[in-house]
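Protein sequence lines correspond, in order, to chains H and S.
For the first sequence, the positions run 43 to 336 when my numbering is used.
For the second sequence, the positions run 50 to 301 when my numbering is used.
All C-beta atoms, glycine included, are put in the ideal place defined by N, C-alpha and C.
Being a predicted model, the structure only gives us computed values, none of them experimental.
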Amino acid sequence: MSFLTYLINGLSLGSIYAIIALGYTMVYGIAKMLNFAHGDFIMVGCYIIFSVSAALSGNSLVGIVIAVVLCTLLGITTEFIAYRPLRGAASPLAVLITAIGVSYLLENVALLIFGADIKSFTSVIKWEGLSFAGGELKIQGVTVITILVSLVILIALQLFINKTKQGQAMLAVAEDKGAATLMGINVNKTIMLTFAIGSALAAIAGALLCSAYPSLSPYTGAMPGIKAFVAAVLGGIGSVPGAMIGGLVLGIVEILSKTYISSQLSDAIVFGILVVVLLVKPTGILGKVIQEKV
Amino acid sequence: MALLDVNNLSISFGGLRAVDDFNITIEKGELYGLIGPNGAGKTTVFNLLTGVYKPNEGIIRLDGEDITRKSTIEINHSGIARTFQNIRLFKQMPVIDNVKVGLAERYKYSALEGILHLGKYRKIEKEMDEEAMRLLKVFDLDGERDTLAANLPYGKQRKLEIARAMATDPKLLLLDEPAAGMNPNETGELMDTIALVRKEFGMTILLIEHDMKLVSGICEKLTVLNFGRVLCQGETKEVLANPEVIKAYLGE
Chain H
43 MSFLTYLING
53 LSLGSIYAII
63 ALGYTMVYGI
73 AKMLNFAHGD
83 FIMVGCYIIF
93 SVSAALSGNS
103 LVGIVIAVVL
113 CTLLGITTEF
123 IAYRPLRGAA
133 SPLAVLITAI
143 GVSYLLENVA
153 LLIFGADIKS
163 FTSVIKWEGL
173 SFAGGELKIQ
183 GVTVITILVS
193 LVILIALQLF
203 INKTKQGQAM
213 LAVAEDKGAA
223 TLMGINVNKT
233 IMLTFAIGSA
243 LAAIAGALLC
253 SAYPSLSPYT
263 GAMPGIKAFV
273 AAVLGGIGSV
283 PGAMIGGLVL
293 GIVEILSKTY
303 ISSQLSDAIV
313 FGILVVVLLV
323 KPTGILGKVI
333 QEKV
Chain S
50 MALLDVNNLS
60 ISFGGLRAVD
70 DFNITIEKGE
80 LYGLIGPNGA
90 GKTTVFNLLT
100 GVYKPNEGII
110 RLDGEDITRK
120 STIEINHSGI
130 ARTFQNIRLF
140 KQMPVIDNVK
150 VGLAERYKYS
160 ALEGILHLGK
170 YRKIEKEMDE
180 EAMRLLKVFD
190 LDGERDTLAA
200 NLPYGKQRKL
210 EIARAMATDP
220 KLLLLDEPAA
230 GMNPNETGEL
240 MDTIALVRKE
250 FGMTILLIEH
260 DMKLVSGICE
270 KLTVLNFGRV
280 LCQGETKEVL
290 ANPEVIKAYL
300 GE
């Protein structure tokens, strides 16, 4: 029974990684850049929920809505100020380094406002959870809700990308920016929408992450952000279902290796997977081999 | 008034004057050919017309409207659509979605309505599907609506590229070497397709082509470019009989 519990916990953690990885993978697929500040959007979301809940004496639902809206605005603003001017830059490194800069900026602004001490985050999910087999198998409410939310997000995102004109514009821009522009697609607007969706997802991931692991500091988003990036690469960066699979695999591996191998080694194992994947199948599980045009 | 009126268009790359003092006037409904040896600057003219390059000098008017300094998207919205020498379809998307990307500008609903599948979303998506199918039917591609564009045979990819360009509802259609890489059968079919586009949509077309059978077969007027300059301009028969043109193509 305990194995099943760990597996479900792994699924839950993996679902959070998956939601974060979706943001990474969409931005990479469409804007062809890695937004290394993505993890810090999570942290910003958490602090917003934390502050709003404190101000409204525990009304976390309002906090989540405000966090989603503000993170969306943060994503759009960051893209507009920091990334868009560099889109035509000679080297793709310019925007990558800027993203790392944005990441440090957000962390240090949070440090200035909220201080370095770890805040205890009150879970936004009050539900106790499910109990099976006469109490032998307990699944926490946050675990169930995390898995459900990530499933809903995945389905909604797939429908959005494949069945709406904005989604199709994203796919078109991902494949050939030039041709898309000549067909009247506004590339800037499409990339802005991608950032908006990715950042809104980061806020949701933040709410779930801090509900499951209720401690909040300016560096809360950094590690899950990096791990979600590993998940996105593992699943095949640029692929939406790939991010989901990569996230789930990573979450399960992390929890199981924490339990059965060593809690200190679990991160090493997670990043070891990244190395192995890059060696064996650089395009990831669902990644496509893109043939360079000659 | 001419549909397309280009005056004194010039662009230099470094020291190279790729297009030099280019002039062209295309009347509504005409099928106009732009020919010339390799490297003469034909595709550069297309890139200038569509705003990919900005000219150093000159003025481009579409239907009386000055589009010289407009962005690529604005020019597309003003009414110029194009196809590419090396086919640039959205290959990982189904045939119908390629056309719908072209349609997207004319059918509006908000991203929020799209995410929630609410409001105008259903109605407008249905209209887009119908319009896309109507276009695909004209090009005899309606049987392949769900095929990935990458899996279409070459000739049909060309057709789909024209259908996608037509979806943006242009006034002027630019075709960049539509017969490149085609066998005589496929070229024949392409000529039928171009004739169809003119008949169905009354479209004005400017095309770049090397295939002389196609050029002499369907173009009403020609402009010959050589080293970035207009060598000769006029009715197809007269231009092709011009000794200068023959010299440029075949050498001394």
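Practice problem: Label A198 of chain H either buried or exposed according to how many other C-beta atoms from any shown protein chain fall within 10 Å of its C-beta, with 16 as the threshold for buried. | Solution: Here residue 198 of chain H refers to the residue found at position 156 when the first sequence is read from its first residue. Classification for A198 of chain H: exposed.
Quiz item: Are there three or more Cβ pairs, one per stretch, closer than 8 Å when the region 239-257 of chain S is compared with the region 300-320 of chain H?
Solution: no
Quiz prompt | Contacts of I211 of chain S in chain H (Cβ-Cβ under 9 Å) | solution = Position 162 of the second sequence, counting from 1, holds the residue named residue 211 of chain S. Those do not exist, as I211 of chain S stays about 12 Å from chain H at its closest Cβ, beyond 9 Å.
Quiz item: Quick one: is the Cβ of G230 of chain S within less than 6 Å of any heavy atom of the ligand SAM?
Solution: Ligands in the displayed structure: none, and consequently the ligand SAM is not present.
Practice problem: Compare the C-beta of Q210 of chain H against all C-beta atoms of chain S and say whether one is closer than 7 Å. | Solution: Here residue 210 of chain H refers to the residue found at position 168 of the first sequence. Closer than 7 Å to some Cβ of chain S, the Cβ of Q210 of chain H qualifies, so yes.
Self-check item: Alpha-carbon to alpha-carbon, L290 of chain H and L193 of chain H
Solution: Here residue 193 of chain H is taken as the residue at index 151 of the first sequence, counted from 1. Here residue 290 of chain H is taken as the residue at index 248 of the first sequence, counted from 1. Computed Cα separation, rounded: 11 Å.
Practice problem: Kindly indicate if chain H contains any beta-carbon less than 7 Å away from that of A153 of chain S. | Solution: For the purposes of this step, residue 153 of chain S is identified with residue 104 of the second sequence, where counting begins at 1. Closer than 7 Å to some Cβ of chain H, the Cβ of A153 of chain S qualifies, so yes.
Self-check item: Cβ-Cβ separation, E258 of chain S to A228 of chain S (assumed contact under 8 Å), whole Å
Solution: Taking the first residue of the second sequence as 1, we reach residue 228 of chain S at position 179. Taking the first residue of the second sequence as 1, we reach residue 258 of chain S at position 209. That belief holds up - the Cβ atoms of A228 of chain S and E258 of chain S are roughly 6 Å apart, short of 8 Å.
Self-check item: Contact set for Q282 of chain S: own chain, Cβ-Cβ below 6 Å, skip 5 residues either direction
Solution: The residue you call residue 282 of chain S lines up with position 233 of the second sequence. Only T272 meet the Cβ criterion.
Self-check item: Distance CB(L379 of chain H)-CB(Y70 of chain H) smaller than 7 Å
Solution: The structure shown does not extend to residue 379 of chain H, since chain H is modelled only from 43 to 336, so the question has no answer here.
Practice problem: Identify each residue in the region 223-253 of chain H for which the Cβ-Cβ distance to at least one residue of chain S is less than 7 Å, and report them in chain order. | Solution: T223, L224, M225, G226, I227, N228, L235
Practice problem: State yes or no: is the beta carbon of N291 of chain S nearer than 7 Å to at least one beta carbon in chain H? | Solution: Looking up residue 291 of chain S in the second sequence gives position 242. For N291 of chain S, the answer is no, since every Cβ of chain H falls outside 7 Å of its Cβ.
Exercise. Kindly confirm or deny that the region 106-123 of chain S and the region 203-212 of chain H touch, where touching means at least three C-beta pairs closer than 8 Å.
Key: no
Quiz item: Any C-beta of chain S sitting closer than 7 Å to the C-beta of F202 of chain H?
Solution: Translated into positions along the first sequence, residue 202 of chain H becomes position 160. Yes - at least one Cβ of chain S is within 7 Å of the one on F202 of chain H.
Quiz item: So, is the C-beta of L213 of chain H closer than 7 Å to a C-beta in chain S?
Solution: Position 171 of the first sequence, counted from the first residue, corresponds to residue 213 of chain H. It does; some Cβ of chain S falls within 7 Å.
Quiz item: So does the region 213-229 of chain H actually touch the region 133-145 of chain S, counting three or more Cβ pairs closer than 8 Å?
Solution: yes
Self-check item: Selection of the region 170-194 of chain S by Cβ proximity to chain H, strictly under 9 Å
Solution: Y170, I173, E174, M177
Quiz item: Does the beta carbon of A73 of chain H come closer than 7 Å to any beta carbon on chain S?
Solution: Position 31 of the first sequence, counted from the first residue, corresponds to residue 73 of chain H. With 7 Å as the cut-off, A73 of chain H does not count as an interface residue toward chain S.
Self-check item: Three-state class that DSSP yields for T253 of chain S in the structure shown
Solution: To locate residue 253 of chain S, count along the second sequence from 1; it is residue 204. Reduced to three states, the DSSP call for T253 of chain S is strand.
Self-check item: Helix, strand or coil at G183 of chain H [DSSP, three-state]
Solution: Locating residue 183 of chain H in the first sequence gives position 141, counting from the first residue. It is helical.
Quiz item: Can you find a CB in chain H that lies within less than 7 Å of the CB of R207 of chain S?
Solution: Translated into the one-based positions of the second sequence, residue 207 of chain S becomes position 158. No - not a single Cβ of chain H is within 7 Å of the one on R207 of chain S.
Quiz item: Are A249 of chain H and I90 of chain H closer than 7 Å when you measure CB to CB?
Solution: Here residue 249 of chain H refers to the residue found at position 207 of the first sequence. Here residue 90 of chain H refers to the residue found at position 48 of the first sequence. Against a cut-off of 7 Å, the Cβ pair of I90 of chain H and A249 of chain H comes out as no contact.
Quiz item: E217 of chain H touches chain S at which residues, Cβ-Cβ below 8 Å?
Solution: Taking the first sequence and counting its residues from 1, the one referred to as residue 217 of chain H is at position 175. Those are F139, K140, Q141, M142, listed as they occur along chain S.
Quiz item: By Cβ distance below 7 Å, which residues in the same chain neighbour S266 of chain S in space, the five residues on each side in sequence not counted?
Solution: Translated into positions along the second sequence, residue 266 of chain S becomes position 217. A quick correction: the sequence has Gly, not Ser, at residue 266 of chain S. Cβ neighbours of G266 of chain S beyond the five flanking positions: M240.
Quiz item: Does the pairing of the region 210-218 of chain H with the region 177-195 of chain H give three or more beta-carbon distances under 8 Å?
Solution: no
Quiz item: Tell me which same chain residues have a C-beta within less than 7 Å of the C-beta of V104 of chain H, skipping the five on either side of it?
Solution: Counted from its first residue, the first sequence places residue 104 of chain H at position 62. For V104 of chain H, where only same-chain residues beyond five positions count, the Cβ hits under 7 Å are V94, L98.
Exercise. Please state whether DSSP places E106 of chain S in a helix, a strand or coil.
Key: Working through the second sequence from its first residue, we reach residue 106 of chain S at position 57. Three-state DSSP puts E106 of chain S in a strand.
Quiz item: Which residues, in order along the region 91-121 of chain H, keep a beta-carbon less than 9 Å from a beta-carbon of chain S?
Solution: none
Quiz item: In chain order, what residues of the same chain lie with their CB nearer than 8 Å to the CB of E334 of chain H, ignoring the 5 residues before and after it?
Solution: As a first step, residue 334 of chain H is located in the first sequence; it is residue number 292 there, counting from the start. Note that E334 of chain H scores a pLDDT of 47, beneath 50, so its modelled location is shaky; the value from the coordinates is reported in the next line. Answer for E334 of chain H: no residue qualifies.
Self-check item: Collapsed DSSP secondary structure at Q206 of chain S in the structure displayed
Solution: In the second sequence, residue 206 of chain S corresponds to position 157, counting from 1. Helix, per DSSP.
Quiz item: Around the C-beta of V336 of chain H, are 16 or more other C-beta atoms found within 10 angstroms, so that it is buried, or is it exposed?
Solution: In the first sequence, the residue the question calls residue 336 of chain H occupies position 294. Confidence at V336 of chain H is low in this model, with a pLDDT of 44, below 50, so its placement is unreliable and no value can be given for it.
Quiz item: Do K77 of chain S and L98 of chain S come within 7 Å of each other at the CB atom, strictly closer than that value?
Solution: In the second sequence, the residue the question calls residue 98 of chain S occupies position 49. In the second sequence, the residue the question calls residue 77 of chain S occupies position 28. Not closer than 7 Å, so no.
Exercise. Indicate the three-state DSSP secondary structure (helix, strand or coil) for E114 of chain S in the structure shown.
Key: To locate residue 114 of chain S, count along the second sequence from 1; it is residue 65. Strand, per DSSP.
Quiz item: Is V55 of chain S helix, strand or coil when you go by DSSP?
Solution: On the second sequence, position 6 is the one that residue 55 of chain S refers to. Strand.
Quiz item: Helix, strand or coil for R171 of chain S per DSSP?
Solution: Reading the second sequence from its first residue, position 122 is the one you call residue 171 of chain S. Residue state, collapsed to three classes: helix.
Quiz item: Short check: CB of I160 of chain H to CB of S299 of chain H, under 7 Å?
Solution: Walking along the first sequence from the start, residue 160 of chain H turns up at place 118. Walking along the first sequence from the start, residue 299 of chain H turns up at place 257. Not closer than 7 Å, so no.
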